[in-house]
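Peer 1: Take this structure first; my questions come after.
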Amino acid sequence: MASTGVNVLRYSALGAGIFYGFYHQAKLSSASKLAAINREYERKESLINQAKAEFKKKNAPASPSTASGGIISDPNDSRFDLEALLTSLDAKTS
């Protein structure tokens, strides 16, 4: 028969193991829930970005070129060509 000290040690180890098991399981569960929440957030974020891109593509303003010849008349546009604009205006007036 085992002595009382050994039994106390055994039951203490058993109690510590059970406590650690509960703690570890709770830690794993919370990490799993957090990962699921993050995945859902990223999925929603990608859907929102996709919807924004589709909306931007659908509602894009017409190109800033004129109807005749495709000359860009907006001087703030990076593709603005002053010579081509002046040539087209000269052709219209002549």
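If you want the numbering used here, it's the 1-based position in the sequence shown plus 30. Think of the CB as a built atom: it goes at the ideal place given N, C-alpha and C, for glycine as much as any other residue.
Could you compute how far the alpha carbon of residue 95 sits from the alpha carbon of residue 69?
Peer 2: Since pLDDT at residue 95 reaches only 48, below the 50 mark, its modelled position is unreliable, and no value is offered.
Peer 1: Starting from residue 37, trace the alpha helix (DSSP H) in both directions and tell me its first and last residue.
Peer 2: Note, residue 37: alpha helix (DSSP H), 34 to 88.
Peer 1: Going by beta carbon distance, what residues of the same chain come within less than 7 Å of residue 110, once the five residues before and after it are set aside?
Peer 2: Cβ within range, chain order: 102 and 104.
Peer 1: In whole angstroms, give me the CA-to-CA distance for residue 55 and residue 43.
Peer 2: Cα to Cα, residue 55 sits roughly 18 Å from residue 43.
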